[in-house]
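**Student:** Take this structure first; my questions come after.
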């Protein structure tokens with residue numbers, strides 16, 4: 002089952018939470034339970050997908066893998082840290098932390114049910130590195146009209162790739178002579194995507210002098 006319904010109004014979604022969870026979950030009972038659990042605990046979701054086979058002529062950002070997106074802010078980011086810290090890295094493919102305060106999680110396709118089941122657990126873990134990553138984007142997002150997205154890819158349970166996308170000229174000037182990068186144009190702005198090997202690059206952005214990143 003493919004769901005093409007979407008809503009940006011969580012109040013509207015929660016008025017019919019049982020039915021909406023069933024529709025949005027595309028027939029995956031693990032995603033359905035995950036949505037209900039997250040909503041019951043006060044999380045706001047912005048998108049989700051149960052994962053599906055390759056289909057031609059579709060324009061989806063993550064067309065093939067299970068994923069879910071949640072909003073975070075200064076008040077609930079510690080809860081988001083615990084949520085992300087509780088996901089088994091073997092079930093996780095990709096994490097995107099954006100300065101528009103959206104956390105996007107993508108699971109491994111052949112571990113779809115395990116990925117969503119992780120999000121149904123009690124969130125007891127709290128990793129300082131996850132804390133530092135999310136905190137840095139909250140601070141970076143205080144600059145108006147600046148995009149600052151960190152994307153982390155995992156492979157077989159270990160860190161595989163890290164990239165930063167931004168149009169912030171201050172960040173760009175610090176990083177352009179040090180790291181490999183790609184550029185693209187969007188809405189009259191030039192965006193740079195830098196490639197990294199570890200989270201140590203965050204120190205170069207001036208936000209994390211008092212935090213330990215390894």
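Numbering (my numbering), first residue to last: 2 to 215. A virtual CB, placed ideally from N, CA and C, is assigned to each residue, including glycine. All of these numbers come straight from a predicted model, not from anything done at the bench.
1) Using a threshold of 8 Å, state whether the C-beta atoms of residue 21 and residue 49 are closer than that.
2) What would DSSP say about residue 190, mapped onto helix, strand or coil?
3) Could you tell me whether the stretch 70-80 touches the stretch 112-120, using the rule of 3 or more Cβ pairs below 8 Å?
4) Between 36, 19 and 11, which lies nearest to residue 118 when the distance is taken from Cα to Cα?
5) In whole angstroms, what is the alpha-carbon distance linking residue 170 and residue 159?
6) Between the C-alpha atoms of residue 63 and residue 100, what's the straight-line distance to the nearest angstrom?
7) Would a C-beta distance cut-off of 8 Å place residue 83 and residue 31 closer than the cut-off?
8) With a Cβ-Cβ cutoff of 8 Å, do residue 198 and residue 181 count as a contact?
9) So for residue 163, helix, strand or coil by DSSP?
10) So what's residue 117 in DSSP terms, helix, strand or just coil?
11) Locate the alpha helix (DSSP H) running through residue 88, then write down its first and last residues.
12) Note down the Cα distance separating residue 44 from residue 81, rounded to an integer number of angstroms.
13) Cα separation between residue 132 and residue 46?
14) Rounded to the nearest angstrom, what separates residue 27 and residue 103 at their Cα positions?
15) For residue 97, does the count of other Cβ atoms within 10 angstroms reach 16, so buried, or fall short, so exposed?
16) For residue 192, which residues from the same chain have a beta carbon less than 8 Å from its beta carbon, with the 5 sequence-adjacent residues on both sides left out?
17) In its own chain, which residues sit with a C-beta less than 7 Å from the C-beta of residue 86, not counting the 5 before and 5 after it?
18) Give me, in chain order, the residues of the same chain whose beta-carbon lies closer than 6 Å to that of residue 89; leave out the 5 immediate sequence neighbours on both sides.
19) Nearest-angstrom Cα distance between residue 58 and residue 135?
20) With a CB to CB cut of under 6 Å and the five nearest residues on each side skipped, what residues in its chain are close to residue 91?
21) Could you check whether the Cβ of residue 105 sits closer than 7 Å to any heavy atom belonging to the ligand MN?
**Tutor:** Reading it off the structure:
1) no
2) strand
3) no
4) 36
5) 31 Å
6) At residue 63 the pLDDT is 39, less than 50, meaning the model places this residue with poor confidence and gives no usable figure here.
7) no
8) no
9) strand
10) helix
11) It is not in any alpha helix (DSSP H) - residue 88 carries neither H nor E in the DSSP assignment.
12) 9 Å
13) 20 Å
14) 22 Å
15) buried
16) 148, 166, 167, 168, 184, 185 and 186
17) 126, 127, 128 and 131
18) 119
19) Reliability of the predicted coordinates at residue 58 is poor, the pLDDT of 49 falling under 50, and the value obtained from them is presented with this limitation in mind. About 34 Å.
20) 158
21) In the structure on display, the ligand MN does not appear, and there are no ligands present to speak of.
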